[in-house]
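Novice: These protein sequence lines map, in sequence, to chains C and P. With our numbering, the residue at position 72 of the first sequence is 582, and numbering never jumps. With our numbering, the residue at position 293 of the second sequence is 803, and numbering never jumps. For every residue, glycine included, the Cβ atom is placed at its ideal position computed from N, Cα and C. Because the structure is a prediction, the values reported are computed rather than measured.
2 protein chains.
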Amino acid sequence: MRIALCQLDFTVGDISGNVRKVLDAMAKCRDYGAEIFIFPELALSGYPPEDLLFKKDFIRDVKMGLEKIAGEVREELLIIGFPEQSGDDLYNSAAILNNGRIAGTYKKACLPNYGVFDEKRYFTPGSDLVLLDCNGLRIGVNICEDIWVSPGVTEQLSACGADLIVNISASPYHRGKIRERIDMLSERAVSNRTTICYLNTVGGQDELVFDGGSAVLNDRGELILRMPQFEECIACFDFVPRTVDSSLINKSRVDQLNAGVIKVDIKQRGNKEKILNSMCPDLGEEEEVFSALKTGLRDYVYKNGFRKVVVGVSGGIDSALTVAIAAEALGKENVVGATMPSRYTSDESKEMSKRLFDNLGIEHIDIPIDDIFQAYLKSLERDFAQLPADITEENIQARIRGNILMAFSNKFGYLVLNTGNKSEVSMGYCTLYGDMAGGFAVLKDVLKTWVYKLANYCNKRSGFEAIPSGIILREPTAELRLNQKDSDTIPPYRILDPILDAYIEDELDVNSIRALGFDRNLVKSIIKKVDRNEYKRRQAPPGIKITVKAFGRDRRFPITNKYSN
Amino acid sequence: MRIALCQLDFTVGDISGNVRKVLDAMAKCRDYGAEIFIFPELALSGYPPEDLLFKKDFIRDVKMGLEKIAGEVREELLIIGFPEQSGDDLYNSAAILNNGRIAGTYKKACLPNYGVFDEKRYFTPGSDLVLLDCNGLRIGVNICEDIWVSPGVTEQLSACGADLIVNISASPYHRGKIRERIDMLSERAVSNRTTICYLNTVGGQDELVFDGGSAVLNDRGELILRMPQFEECIACFDFVPRTVDSSLINKSRVDQLNAGVIKVDIKQRGNKEKILNSMCPDLGEEEEVFSALKTGLRDYVYKNGFRKVVVGVSGGIDSALTVAIAAEALGKENVVGATMPSRYTSDESKEMSKRLFDNLGIEHIDIPIDDIFQAYLKSLERDFAQLPADITEENIQARIRGNILMAFSNKFGYLVLNTGNKSEVSMGYCTLYGDMAGGFAVLKDVLKTWVYKLANYCNKRSGFEAIPSGIILREPTAELRLNQKDSDTIPPYRILDPILDAYIEDELDVNSIRALGFDRNLVKSIIKKVDRNEYKRRQAPPGIKITVKAFGRDRRFPITNKYSN
């Protein structure tokens, strides 16, 4: 039996587009000689549909889309995820389509409600197992979280006699997660002595990126198929079970575990050509993160109807990396770099920006801000009269730049990309409505030390100095006052970043972080800054999650909060 | 037995402050001759503590705070909510304190995970009932959602023999919710033939306001105590049960339902004076909403360490109402009004602003923006050369005002109040980083038609024209271009608002809204605008929830979303 895994990029809310994508993929699957076609979790609605799920007409339209697909299914099996209304309850379900009809559904049992997930807000957990009997081949179906929870649905399906487990997922990316997934799947395959076919969705949706990386593991836990990360792909494998025999279904277990057995009629397609087994290698750590950022940016831009982006370029590394990623994701002709020099902008910065534009070959606009800045100072002169210059004057400049970038957005329809990194955003070392302005924040979840890694990777990858080495080597500065350096205000990044990592991603407390070798008072002051700047982040643009814990849905902190360690 | 209900305003994260507040209240309760003291749900941590609950040291510090209070409890009973770590699980618990120790805890069984609530993200549901035997008085304890779900914990406690149900809550306000609550409590009291003592918390926390309005209902469902809304208050009632007899505890039900019976030793305080039974009347609809906004604003300002606020005043009704509410909440000496006229600002607007400042007696600054605007236009001249003026130039002006307000915030430590109403925010009729700038958005959940109601109420309440009638009567305009009117861009508010209400609060679909008597295409275009502007709202400041469904945690919509009805 040939099984096709359709690792595709579906769009939230685009039901007719998603249906069309499924129908196109079905035609390809047939060309490949497959009899079983598998699509990801909630493919028809896109994932995560969030409160769209409360719209009755949305649920109804999804159902109509599903029925349209079912009508096109012949003597073959198609499994696809969709939100299923049943009575008063909504389920995260897998539809089993066969022979022109919906033969049944499996309702997800384990609903994640942690991290970025809110599935208990929407769905009722299912309670019944579903086992498919496809000409004697016994397939157990489950959905995403179901296979992570052990013992659970997978073990029960195996006990019922399943010799193949199909898991459809929408599993968001974070750095290194693919290793966790493969290890977990291998463990499940071995301990249940079954083949596991794991299909993940791919593509970006707001703050999330789904990395695909779908895989098939045999009953010894060995990878026999591994699909690429961050790319759409349809791949097939030929499943040759040890036995093809409906009578191996364990009837007493089926009754005991309240499982439904669905008979599926499949007409085998003969005369198959041998197919190339896809076996993609591991991506390097930097390549993986770079690809995640590229995918997340590209999908945010295109799915929201934009073509071109504009980026404020300072001559520093954050904006340089943002521009480089944008040029790769959207094409260099769709990226506009804007320099907005002030009296504090050094010649070095100007030179670095110029080199960056030359190296990448992107369009460049230049709007000096000093006249505007002077106009503000003059207007505020009377009210600010006796007071020394402070952060106020710095922020005014940052906000002038925000205003200019937004003017280009309004006038030409560009999306403004924000260039702030996670280290800054954590510490509030950034200006609301100033450098925090923008529709999308590419580096929001990338710590500064990782910005350097990615810049170096970017140059290695392109085979030339896409990002001028001068930008990588110079000391970080906001240039909002004379001779300003980041290190005047925040600790050096090589010390700051591991502390942020420990506090935010690993959720360690002061004592545990101190035990890693950091000064207690420094740790406390950093934690305090992170917590106190929640109000800024609440108004930050969305950005791409690449770590275990990103700011946004992942980390829900009160603004009003008097706790301090 | 005299029971004291401590309807107090606790602060999220302020464990030592919350402990102090409890100890102070205990002393008052004793003065009133009470033997039983009741505090709200999660009082020690504040509600909702959100991801603070993932901090191990926070949970540990709360426990230490609880033990400190327990040490002060004599032969009396104190019930208070706190997050309880037990093994690997965290519970939303009520501590039963008696005689210097923690006599036991009740773990909340029903965890809300809808609307603004995420309790399943944090807590494990409890499974055991708790019945207190206080010298023969049988008290059943439950927490917030537990009493809303019926049949449920309340019925089970009643079956075990409880003659008094104590429910501790943190129930967020929306318009008219108090009526729903009282009706529900009355129904529970009658159907279980028990007295119900319902204690709600009070005060603002980020986007939520808790309205208090605690109440006691006798076993005929009649209100015998009703506490004020939006005010801290300690009130007592004397509970005289039909029988005081431990043997009335239904042992077989207790065993069957897995209930724990906790013996509590209480020394009755003799010689009691008669207490005045608090029986607050219903607030009028406008007064209730006005009080909610006042409380939400006041607590956000003070709990975040601000004293003074600055508001951009246009001469229109939204900013006038915002200033009036702020003056009531913080005192007129703590409100600064800023006019920032442009070439498009009419004499009428200038005159209206002046009258508003005079009438309210608040400080006033005036920063004309035209010179700054000219500086922008000049700087952008080359790049925008051939193109006609459009929304770009309008937004530049709005963003200049945002920048100026933030400069006053930075220079003088004022909090900037945003003045946008829910009708605008729904339709995206507002400028990101412009009029959307600000730390807190007082009217974010107030539809424009309600803005008018509140302005009129405000004048009625103060007994004079606090908000000049000219402001109330004039046609709404953004004054960002010549002769601009709101009605050029969005439908009249008397038509728009009921459609927004139907779509957002009642979650109706196009056909159901059309059935209310509106044009189908108009309804579709409004829904589309609401959905498409999610990206703006994602960067909006927090504001006070006063309706069933506010923007924010309450309504989680994808930005990237191709669904259209």
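Would you say residue 517 (chain C) reaches chain P, if we count a Cβ-Cβ gap shorter than 9 Å as a contact?
Specialist: Mapped onto the first sequence, residue 517 (chain C) falls at position 7. By this cut-off, residue 517 (chain C) is not an interface position.
Novice: Using C-beta distances below 7 Å, list every residue in its chain close to residue 672 (chain C), excluding the 5 sequence neighbours before and after it, in chain order.
Specialist: For the purposes of this step, residue 672 (chain C) is taken as the residue at position 162 of the first sequence. These residues qualify, in order along the chain: 641, 648, 649, 650, 704.
Novice: Is residue 531 (chain C) close to chain P, meaning its C-beta is less than 9 Å from at least one C-beta of that chain?
Specialist: Sequence index remark: in the first sequence, residue 531 (chain C) carries index 21 (1-based). No - not a single Cβ of chain P is within 9 Å of the one on residue 531 (chain C).
Novice: Could you give the distance in angstroms between the alpha-carbon of residue 571 (chain P) and the alpha-carbon of residue 687 (chain C)?
Specialist: Locating residue 571 (chain P) in the second sequence gives position 61, where the first residue counts as 1. Locating residue 687 (chain C) in the first sequence gives position 177, where the first residue counts as 1. For residue 571 (chain P) and residue 687 (chain C), the distance between alpha carbons rounds to 33 Å.
Novice: Excluding the five sequence neighbours on either side, which residues of its own chain have a C-beta within less than 8 Å of the C-beta of residue 918 (chain P), listed in chain order?
Specialist: Numbered from its first residue, the second sequence carries residue 918 (chain P) at position 408. Counting only Cβ-Cβ distances below 8 Å, and skipping sequence neighbours, we find 820, 846, 848, 875, 924, 926.
Novice: Please list the terminal residues of the continuous beta strand (DSSP E) segment that includes residue 939 (chain C).
Specialist: Against the first sequence, residue 939 (chain C) aligns to sequence position 429. Taken as a continuous stretch (DSSP letters only), residue 939 (chain C) belongs to no beta strand (DSSP E), as it is neither H nor E.
Novice: Measuring alpha carbon to alpha carbon, tell me which of P:853, P:1012, P:859, P:776 ends up nearest residue 610 (chain P).
Specialist: For the purposes of this step, residue 610 (chain P) is taken as residue 100 along the second sequence, with counting starting at 1. Residue 610 (chain P) has its Cα closest to that of P:776, out of P:853, P:1012, P:859, P:776.
Novice: Residues of the segment 806 to 822 of chain C in Cβ contact with chain P at a cutoff of 7 Å, in chain order, please.
Specialist: If the cut-off is 7 Å between Cβ atoms, the segment 806 to 822 of chain C has 810, 813, 814 near chain P.
Novice: If we define contact as Cβ-Cβ less than 9 Å, is residue 937 (chain P) a contact residue for chain C?
Specialist: Within the second sequence, the letter at position 427 stands for residue 937 (chain P). No, residue 937 (chain P) does not count as interfacial toward chain C.
Novice: Measuring CB to CB, does residue 909 (chain C) end up less than 9 Å from residue 916 (chain P)?
Specialist: By one-based count along the first sequence, residue 909 (chain C) stands at place 399. By one-based count along the second sequence, residue 916 (chain P) stands at place 406. Against a cut-off of 9 Å, the Cβ pair of residue 916 (chain P) and residue 909 (chain C) comes out as a contact.
Novice: Taking only the alpha-carbon atoms, compute the straight-line gap between residue 665 (chain C) and residue 643 (chain C) and give it to the nearest angstrom.
Specialist: Locating residue 665 (chain C) in the first sequence gives position 155, counting from the first residue. Locating residue 643 (chain C) in the first sequence gives position 133, counting from the first residue. Those two C-alpha atoms are separated by around 18 Å.
Novice: Does residue 916 (chain P) come within less than 9 Å of chain C when only Cβ atoms are used?
Specialist: Counted from its first residue, the second sequence places residue 916 (chain P) at position 406. So, interface residue.
Novice: Along chain C, in chain order, which residues have C-beta atoms closer than 9 Å to that of residue 559 (chain P)?
Specialist: Within the second sequence, numbered from 1, the residue matching residue 559 (chain P) stands at position 49. Under the 9 Å cutoff, chain C gives 1068, 1071, 1073.
Novice: Would the segment 1041 to 1057 of chain P and the segment 604 to 622 of chain P be scored as touching if the rule is three or more Cβ pairs under 8 Å?
Specialist: Not touching, per the Cβ criterion.
Novice: Near residue 949 (chain C), what residues of its chain come up, given a Cβ to Cβ distance below 7 Å and the 5 sequence neighbours on each side ignored?
Specialist: Numbered from its first residue, the first sequence carries residue 949 (chain C) at position 439. Closer than 7 Å at Cβ, skipping near neighbours: 925, 926, 1051.
Novice: Compare the C-beta of residue 943 (chain P) with all C-beta atoms of chain C and state if any pair is closer than 9 Å.
Specialist: For the purposes of this step, residue 943 (chain P) is taken as residue 433 along the second sequence, with counting starting at 1. It does; some Cβ of chain C falls within 9 Å.
Novice: Distance, Cα to Cα, residue 1066 (chain C) vs residue 857 (chain P)?
Specialist: As a working mapping, residue 1066 (chain C) is identified with position 556 in the first sequence. As a working mapping, residue 857 (chain P) is identified with position 347 in the second sequence. Rounded to whole angstroms, residue 1066 (chain C) to residue 857 (chain P) spans 46 Å at the Cα level.
Novice: Kindly indicate the opening and closing residues of the alpha helix (DSSP H) around residue 676 (chain C).
Specialist: Within the first sequence, the letter at position 166 stands for residue 676 (chain C). No alpha helix (DSSP H) contains residue 676 (chain C), which is instead part of the beta strand (DSSP E) from 674 to 679.
Novice: Quick one: which chain C residues come within Cβ less than 8 Å of residue 889 (chain P)?
Specialist: As a first step, residue 889 (chain P) is located in the second sequence; it is residue number 379 there, counting from the start. Result: 877, 878, 879, 881, 882, 914.
Novice: DSSP state of residue 1011 (chain C), grouped into three classes?
Specialist: As a working note, residue 1011 (chain C) is residue 501 in the first sequence. Looking at residue 1011 (chain C) - three-state DSSP - the assignment turns out to be helix.
Novice: Give the interface partners of residue 566 (chain C) over in chain P, defined as CB-CB distance under 7 Å, in chain order.
Specialist: For this step, residue 566 (chain C) is matched to residue 56 along the first sequence. Chain P residues near residue 566 (chain C): 1019.
Novice: Residues of chain C with a CB under 7 Å from the CB of residue 716 (chain P): which are they?
Specialist: By 1-based counting over the second sequence, the position of residue 716 (chain P) is 206. What residue 716 (chain P) touches in chain C: 1068, 1069, 1070.
Novice: Check whether the segment 860 to 868 of chain C and the segment 823 to 835 of chain C touch, using three or more Cβ-Cβ pairs below 8 Å as the test.
Specialist: With a cut-off of 8 Å, the segment 823 to 835 of chain C and the segment 860 to 868 of chain C count as touching, because enough Cβ pairs lie within range.
Novice: Going by DSSP, what residues sit across from residue 765 (chain C) in a beta bridge?
Specialist: The sequence position of residue 765 (chain C) within the first sequence is 255, counting from 1. DSSP, once it has assigned bridges, lists no residue as partnering residue 765 (chain C).
Novice: Is there a Cβ of chain C sitting closer than 9 Å to that of residue 872 (chain P), yes or no?
Specialist: Taking the first residue of the second sequence as position 1, residue 872 (chain P) is located at position 362. By this cut-off, residue 872 (chain P) is not an interface position.
Novice: Can you check whether the C-beta of residue 988 (chain P) is within less than 9 Å of a C-beta belonging to chain C?
Specialist: Taking the second sequence and counting its residues from 1, one reaches residue 988 (chain P) at position 478. Judged by the 9 Å Cβ criterion, residue 988 (chain P) is not in contact with chain C.
Novice: Rounded to whole angstroms, what's the CA-CA distance from residue 804 (chain P) to residue 685 (chain P)? Just pull it up for me.
Specialist: Within the second sequence, the letter at position 294 stands for residue 804 (chain P). Within the second sequence, the letter at position 175 stands for residue 685 (chain P). Distance between the alpha carbons of residue 804 (chain P) and residue 685 (chain P) is about 14 Å.
Novice: Check the DSSP bridge columns for residue 588 (chain C) and list the partner residues they point to.
Specialist: Numbered from its first residue, the first sequence carries residue 588 (chain C) at position 78. DSSP, once it has assigned bridges, lists C:547, C:607 as partnering residue 588 (chain C).
Novice: Check each candidate in C:557, C:1009, C:1043, C:1058 and name the one with the smallest Cα separation from residue 799 (chain C).
Specialist: The residue you call residue 799 (chain C) lines up with position 289 of the first sequence. Of the candidates C:557, C:1009, C:1043, C:1058, the one whose C-alpha sits nearest the C-alpha of residue 799 (chain C) is C:1058.
Novice: Can you look up residue 773 (chain C) in the DSSP assignment and give me helix, strand or coil?
Specialist: Within the first sequence, residue 773 (chain C) is the residue found at index 263, counting from 1. If DSSP states are grouped into helix, strand and coil, residue 773 (chain C) belongs with the strands.
Novice: What is the rounded straight-line gap between the Cα of residue 947 (chain P) and the Cα of residue 971 (chain C)?
Specialist: The residue labelled residue 947 (chain P) in the question sits at position 437 within the second sequence. The residue labelled residue 971 (chain C) in the question sits at position 461 within the first sequence. Near 41 Å, if we compare the C-alpha coordinates of residue 971 (chain C) and residue 947 (chain P).
Novice: May I have a chain-ordered list of the alpha helix (DSSP H) segments no shorter than 4 residues that lie completely inside the segment 912 to 937 of chain P?
Specialist: The segment 912 to 937 of chain P contains these whole alpha helix (DSSP H) runs: 932 to 937.
Novice: Exposed or buried, what is residue 855 (chain C) when buried is set at 16 or more other beta-carbons lying within 10 Å of its beta-carbon?
Specialist: Counting from 1 along the first sequence, the entry for residue 855 (chain C) is found at position 345. Under this definition residue 855 (chain C) is a buried residue.
Novice: Helix, strand or coil, according to DSSP, for residue 670 (chain P) in the structure here?
Specialist: The residue given as residue 670 (chain P) occupies position 160 in the second sequence. Coil at residue 670 (chain P), not helix or strand.
Novice: So which residues on chain C does residue 894 (chain P) lean against when the C-beta distance must stay under 7 Å?
Specialist: Start at 1 with the first residue of the second sequence, and residue 894 (chain P) comes out as number 384. Correct list: 921.
Novice: Pairing CB atoms from the segment 655 to 670 of chain C with CB atoms from the segment 701 to 717 of chain C, are three or more of them under 8 Å?
Specialist: Yes, the segment 655 to 670 of chain C touches the segment 701 to 717 of chain C.
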